[in-house]
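Mapping of the sequence shown onto the working numbering: residues 4 to 263, in sequence order. Just so it is clear, CB atoms sit at the ideal spot from N, CA and C, and this is done for glycine as well. A quick write-up on the structure given underneath.
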Amino acid sequence: MGIVSLAGVSKRFTIRVAGVPQTVHALQDLSFDVADGEMVALIGPSGCGKTTALRIVMGLERASAGRILVDGEVVNGCGHNRGIVFQHAELLPWLTAYENVAFGLEQKGVRGGELRDTAMRYLELVGLAESASRRPYQLSGGMQQRVGIARALAIDPSVLLMDEPFGALDAQTRETMQAELIEIQARTRKTVLFVTHDLDEAVLLADRVVIMQKGRISQIMSTHLPRPRLDMEAMRSLPQFAESRHRLWQALHSRAAVAA
Ligand SMILES: Nc1ncnc2c1ncn2[C@@H]1O[C@H](COP(=O)(O)OP(=O)(O)OP(=O)(O)O)[C@@H](O)[C@H]1O
Ligand SMILES: [Mg+2]
Numbered sequence: 004m005g006i007v008s009l010a011g012v013s014k015r016f017t018i019r020v021a022g023v024p025q026t027v028h029a030l031q032d033l034s035f036d037v038a039d040g041e042m043v044a045l046i047g048p049s050g051c052g053k054t055t056a057l058r059i060v061m062g063l064e065r066a067s068a069g070r071i072l073v074d075g076e077v078v079n080g081c082g083h084n085r086g087i088v089f090q091h092a093e094l095l096p097w098l099t100a101y102e103n104v105a106f107g108l109e110q111k112g113v114r115g116g117e118l119r120d121t122a123m124r125y126l127e128l129v130g131l132a133e134s135a136s137r138r139p140y141q142l143s144g145g146m147q148q149r150v151g152i153a154r155a156l157a158i159d160p161s162v163l164l165m166d167e168p169f170g171a172l173d174a175q176t177r178e179t180m181q182a183e184l185i186e187i188q189a190r191t192r193k194t195v196l197f198v199t200h201d202l203d204e205a206v207l208l209a210d211r212v213v214i215m216q217k218g219r220i221s222q223i224m225s226t227h228l229p230r231p232r233l234d235m236e237a238m239r240s241l242p243q244f245a246e247s248r249h250r251l252w253q254a255l256h257s258r259a260a261v262a263a
């Protein structure tokens, strides 16, 4: 069993349309595991349930059916064994970069010198030690996102959950951040479950890609790039990159998948 394990997970939302209750089947019978140290990407069209799946693993949302385990324990609300990075960093605007990272550690009960050292170590890991005393509005989008990553990693979670973490960034910053995440993962061997719309990102970062369509898994595919993947340009020129990207494109555009 993996660090993260979903078995038969479904999620229904009830919404009112013109006063009439309607059921939205956001997830239907989702089952997959994420192994220790593995990076898994969730990919699929808008509205197929990627964010809902991530929020359920985080404990921000409760499943309507099925079982979610993290570290072998049933997920029941948020916990310190999971860290999440949102599409927009969602930092606390009145706190500095350092204080944003320290906040999660304080919640975990870390105090004093250990708190200071840990918060600074993770700011250094994402290359922001010099910006520790800046507030979010004084940081670029990419820098804010890095603080978000430092904040999620600092509590040393068993799994890092990321919802389109680089989706709001310009192409160049996104590439830099992807390279940084690859480096951080190579160093920390963190288990990562991330959502993306970007085929290249899924192939470059993930060991396996979970392809979703309308709340269901349509396919789980392995990418075959070697690790470590520190040189992303070299990775892109490998035949395995082109082959994996093509298979992923086909899976996303296959007639069966589109009709599903
Ligand atoms: N709180 C909610 N109440 C009602 N319906 C919801 C709620 N949250 C999500 N949904 C519905 O569940 C489905 C899945 O939404 P979700 O946000 O998980 O999609 P997504 O794959 O992350 O899409 P995107 O790529 O656009 O971010 C959609 O039909 C959405 O409208
Ligand atoms: Mg989403």
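Would you identify the three-state DSSP class for residue i, choosing helix, strand or coil?
i       : result
Glu-76  : strand
Met-4   : coil
Pro-229 : coil
Val-37  : strand
His-91  : coil
His-28  : strand
Ala-68  : strand
Phe-244 : helix
Asp-203 : helix
Gly-86  : strand
Ala-122 : helix
Lys-53  : helix
Val-198 : strand
Arg-219 : strand
Sort the options by Cα distance to residue i and report the nearest one.
i       : options                            : result
Asp-166 : Ser-13, Gly-40, Ser-49, Pro-231    : Ser-49
Gln-31  : Gly-75, Arg-239, Gln-216           : Gln-216
Gln-188 : Gly-52, Asp-203, Val-43, Gly-75    : Val-43
Val-73  : Ser-67, Val-88, Leu-57             : Leu-57
Thr-26  : Val-37, Lys-14, Asp-36             : Lys-14
Arg-230 : Leu-128, Phe-16, Glu-41            : Glu-41
Met-224 : Thr-99, Thr-54, His-249            : His-249
Ser-34  : Phe-16, Thr-17, Val-60             : Val-60
Gln-147 : Gly-52, Val-104, Cys-81, Val-213   : Val-104
Leu-172 : Met-235, Thr-191, Gly-144          : Gly-144
Thr-226 : Leu-255, Val-212, Glu-236, Arg-232 : Val-212
Gln-90  : Phe-197, Arg-232, Ile-214          : Phe-197
Roughly how far, in whole angstroms, is the beta-carbon of residue i from the beta-carbon of residue j, given that I think they are within contact range, below 8 Å?
i       : j       : result
Gln-181 : Leu-208 : 6 Å
Ala-10  : Gly-69  : 6 Å
Val-206 : Phe-244 : 6 Å
Thr-99  : Arg-138 : 6 Å
Leu-267 : Ala-153 : What is shown of the chain runs 4 to 263, which leaves residue 267 out entirely.
Output needed for residue i: all residues of its chain with C-beta closer than 6 Å, excluding positions within five of it in sequence on either side, in chain order.
i       : result
Val-78  : Gly-62, Ile-71
Arg-177 : Phe-169
Pro-160 : Asn-84, Arg-85, Gly-86
Lys-193 : Leu-163
Tell me which same chain residues have a C-beta within less than 7 Å of the C-beta of residue i, skipping the five on either side of it?
i       : result
Ala-155 : Gly-86, Ile-87, Val-88, Leu-163
Ile-158 : His-83, Gly-86, Gly-107, Leu-108, Lys-111
Leu-251 : Leu-202, Ala-205, Val-206, Val-212, Met-224
Using a Cβ-Cβ cutoff of less than 8 Å, which residues in the same chain neighbour residue i once the five nearest sequence positions on both sides are dropped?
i       : result
Ala-263 : In this prediction, Ala-263 has a pLDDT of 47, which is less than 50 and means its spatial position is unreliable; nothing more can be read from the coordinates.
Thr-17  : Pro-24, Gln-25, Thr-26, Val-27
Ile-46  : Lys-53, Val-198, Thr-199, His-200, Leu-202, Ala-205, Val-212, Val-213, Ile-214, Met-215, Leu-251, Leu-255
* To do: Identify every run of the alpha helix (DSSP H) within the region 91-117, keeping only runs that are complete inside it and at least 4 residues long; order them along the chain.
  => 100-110
* To do: Give, in chain order, every unbroken run of the alpha helix (DSSP H) that is at least 4 residues long and sits entirely within the region 113-186.
  => 115-128, 144-157
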